[in-house]
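*Asks:* Residue numbers (the working numbering), protein chains in the order written: chain V, 1 to 228; chain C, 229 to 422. From the three backbone atoms N, C-alpha and C, an ideal C-beta is built for every residue, glycine too. Nothing here was measured: the structure is a model prediction, and the numbers come from that model. The structure follows.
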């Protein structure tokens, strides 16, 4: 049981997918213009992550090794379509603000990476817990980033006015440059915390955890890490 | 004449005002991961542009004539499978018939399957109900925009290698801050081409 608990908390703090593994950067930057969108995106991805981890773990002995990536993508795409239809039906406003990033959960590296690294090698229960942990970690980071950007850029948090009446909001934080900047600062903060706990700082994008790492050995993306 | 204006505005929007990477946040992984050197950035973006245009050319007829309005919900599944198949096919064809290009671009192709820029552009094409020719140009513009961003950023990063960076920003944070500044410069294009 203790091991299962560790699997669960692993994704939330030690291996936070966005800040420690640096996966799923695209939605992290794109949808975090408001805290509400961050939560919406995070929950949608969590639902897909749990379902796909469970399905892939059940099928792990059936899927031939050679075609595993296409098989994983198909399974993930199926669940994404389900989530997409549910969101469209029950939360149309979230669907509108997430836009194209909702179907793009299919190519979110976190989901494929967890399928490849965890679900295809572990039994169902740990895989579900891993999906849940990673999903919660992703949701927390996205919400935090959404709150920071919303507060600085719009003076509100979750739509409630906080500083808007006292300080003129800095709209730049809602625009793309603000996204890159806030994410950079969050990674710097998480690095500083990791260093204090005696862990290595994130130097690079999460290549070693990238599902495609085995096929792109020769690009300069992995070159430095293969040597290191 | 109207057609020409429309296509010009698609190209301008795709390359400058609605830049794939810097304003729509598609394809961030290769943007941050494969942009250490100008040469690799260029090869990667050529491969991405190629796949984007071919993928748009294939997914548009599928969506218009097979999926239509009735099977809209299958878009995501069908598109990603088609893209995966196309990437495999391009790889095989290049390997067999044009080995020099395969040698230069081949290693990037597997990465492109899971690149959200490619799936993104095919979905944007059908969601905005663009016609066939506009879709192709939209994909081309997005690819060229990706290339421009990659090359500019690779240049900035080559300079960063020798820069004196504060300890806490070293590594990924400074890369992101640099990306923020490059993206800030692209804000200046807003308004061009309507």
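So residue 325/C is in the alpha helix (DSSP H); what residue range does that whole segment cover?
*Replies:* Start at 1 with the first residue of the second chain, and residue 325/C comes out as number 97. Here the alpha helix (DSSP H) through residue 325/C covers 303-325.
*Asks:* Give me the chain C residues within the contact set of residue 71/V, using Cβ-Cβ distance strictly less than 9 Å, ordered along the chain.
*Replies:* By 1-based counting over the first chain, the position of residue 71/V is 71. Going along chain C, no residue has its Cβ under 9 Å from residue 71/V, so there is no contact; the nearest lies around 11 Å.
*Asks:* Scan the stretch 312-332 of chain C for residues whose Cβ lies nearer than 7 Å to a Cβ of chain V and list them as they occur along the chain.
*Replies:* Cβ contacts with chain V: 312.
*Asks:* Please work out which residues of its chain come closer than 7 Å, Cβ to Cβ, to residue 128/V, disregarding the five sequence neighbours upstream and downstream, and give them in chain order.
*Replies:* The residue given as residue 128/V occupies position 128 in the first chain. Hits under 7 Å: 50, 53, 54.
*Asks:* From the DSSP output, in three-state form, read off residue 262/C for me.
*Replies:* Residue mapping note: residue 262/C aligns to position 34 of the second chain, counting from 1. Three-state result, residue 262/C: coil.
*Asks:* Please list, in chain order, all residues of the same chain as residue 35/V whose beta carbon is under 7 Å from its beta carbon, the five residues on each side excluded.
*Replies:* On the first chain, position 35 is the one that residue 35/V refers to. Cβ within range, chain order: 143, 146, 147, 150, 157, 158.
*Asks:* Please list, in chain order, the chain V residues whose beta carbon lies closer than 7 Å to that of residue 348/C.
*Replies:* Along the second chain, one-based indexing puts residue 348/C at 120. Chain V residues near residue 348/C: 100, 104.
*Asks:* Check this for me: beta carbons of residue 286/C and residue 77/V, under 8 Å apart or not?
*Replies:* Within the second chain, residue 286/C is the residue found at index 58, counting from 1. Within the first chain, residue 77/V is the residue found at index 77, counting from 1. No; because the gap between Cβ atoms is not below 8 Å, this pair is not in contact.
*Asks:* Thinking just about the alpha-carbon of each residue, which of 45/V, 5/V, 59/V, 48/V is nearest to the one in residue 123/V?
*Replies:* What you label residue 123/V is simply residue 123 of the first chain in a count that begins at 1. When each option's Cα is compared against that of residue 123/V, the closest is 59/V.
*Asks:* State the Cα-Cα distance for the pair residue 266/C and residue 165/V, rounded to the nearest angstrom.
*Replies:* Walking along the second chain from the start, residue 266/C turns up at place 38. Walking along the first chain from the start, residue 165/V turns up at place 165. In a straight line, the C-alpha of residue 266/C is about 46 Å away from that of residue 165/V.
*Asks:* Per DSSP, what are the beta-bridge partners of residue 168/V in this structure?
*Replies:* Position 168 of the first chain, counted from the start, is the residue given in the question as residue 168/V. Looking at the DSSP assignment, residue 168/V forms no beta bridge with any residue, so it has no partner.
*Asks:* Let me know the secondary structure DSSP gives residue 163/V once reduced to three states.
*Replies:* As a first step, residue 163/V is located in the first chain; it is residue number 163 there, counting from the start. Residue state, collapsed to three classes: coil.
*Asks:* Between the stretch 402-413 of chain C and chain V, which residues of the former have CB atoms less than 8 Å from a CB of the latter, in chain order?
*Replies:* Listed by position, the residues of the stretch 402-413 of chain C near chain V (Cβ gap below 8 Å) are 402, 403, 404, 405, 407, 408, 409, 411, 412.
*Asks:* Can you pull the chain C residues whose beta carbon is under 7 Å from the beta carbon of residue 153/V, in chain order?
*Replies:* The sequence position of residue 153/V within the first chain is 153, counting from 1. Within chain C, no residue comes near residue 153/V; the closest Cβ sits about 14 Å away, beyond 7 Å.
*Asks:* What in chain V is Cβ-close to residue 343/C, meaning under 9 Å?
*Replies:* The residue given as residue 343/C occupies position 115 in the second chain. Result: 107.
*Asks:* Can you tell which of 57/V, 47/V, 126/V, 113/V has the C-alpha that lies nearest to the C-alpha of residue 85/V?
*Replies:* On the first chain, residue 85/V is found 85 positions in, with the first residue counted as 1. Of the candidates 57/V, 47/V, 126/V, 113/V, the one whose C-alpha sits nearest the C-alpha of residue 85/V is 47/V.
*Asks:* Measuring CB to CB, does residue 12/V end up less than 8 Å from residue 187/V?
*Replies:* Counting from one through the first chain, the residue named residue 12/V turns up at place 12. Counting from one through the first chain, the residue named residue 187/V turns up at place 187. No. Outside cutoff.
*Asks:* Could you check how far apart the C-beta atoms of residue 24/V and residue 108/V are, in whole angstroms? I think they sit under 8 Å.
*Replies:* Walking along the first chain from the start, residue 24/V turns up at place 24. Walking along the first chain from the start, residue 108/V turns up at place 108. Residue 24/V to residue 108/V, Cβ: 5 Å. Contact.
*Asks:* Name, in chain order, the residues that DSSP records as bridge partners for residue 405/C.
*Replies:* Counted from its first residue, the second chain places residue 405/C at position 177. In DSSP, residue 405/C forms no bridge with anything.
*Asks:* Quick check: is the beta carbon of residue 251/C nearer than 8 Å to any beta carbon in chain V?
*Replies:* Within the second chain, numbered from 1, the residue matching residue 251/C stands at position 23. Chain V, which has a Cβ nearer than 8 Å to the Cβ of residue 251/C, makes this yes.
*Asks:* Does any C-beta atom of chain C lie closer than 8 Å to the C-beta of residue 225/V?
*Replies:* Taking the first chain and counting its residues from 1, the one referred to as residue 225/V is at position 225. Any reading at residue 225/V must be qualified, since the residue scores a pLDDT of 40, below 50, and its modelled position is unreliable; the value itself is stated next. It does not: the Cβ of residue 225/V has no partner Cβ on chain C nearer than 8 Å.
*Asks:* Return the residue from the list 103/V, 181/V, 63/V, 197/V that minimises the CA-CA distance to residue 32/V.
*Replies:* Translated into positions along the first chain, residue 32/V becomes position 32. If we check each option's Cα against that of residue 32/V, 181/V comes out closest.
*Asks:* Quick test of the definition: if touching needs 3 or more C-beta pairs under 8 Å, does the stretch 272-284 of chain C touch the stretch 387-398 of chain C?
*Replies:* No, they do not touch.
*Asks:* Where does residue 249/C fall in DSSP's three states?
*Replies:* Numbered from its first residue, the second chain carries residue 249/C at position 21. If DSSP states are grouped into helix, strand and coil, residue 249/C belongs with coil.
*Asks:* Alpha carbon to alpha carbon, how far is residue 125/V from residue 195/V? Give it in angstroms, no decimals.
*Replies:* As a working mapping, residue 195/V is identified with position 195 in the first chain. As a working mapping, residue 125/V is identified with position 125 in the first chain. Roughly 32 Å separates the two Cα atoms.
*Asks:* Do residue 350/C and residue 284/C have their C-beta atoms closer together than 8 Å?
*Replies:* The sequence position of residue 350/C within the second chain is 122, counting from 1. The sequence position of residue 284/C within the second chain is 56, counting from 1. A contact, by the Cβ cut-off of 8 Å.
*Asks:* Please decide whether residue 145/V counts as near chain C, where near means a Cβ-Cβ distance under 8 Å.
*Replies:* Stepping through the first chain from its first residue, residue 145/V is reached at position 145. Answer no: the Cβ-Cβ gap between residue 145/V and chain C never drops below 8 Å.
*Asks:* Quick check on the DSSP output: the alpha helix (DSSP H) that includes residue 93/V runs from which residue to which?
*Replies:* By one-based count along the first chain, residue 93/V stands at place 93. First-last of the alpha helix (DSSP H) with residue 93/V: 92-98.
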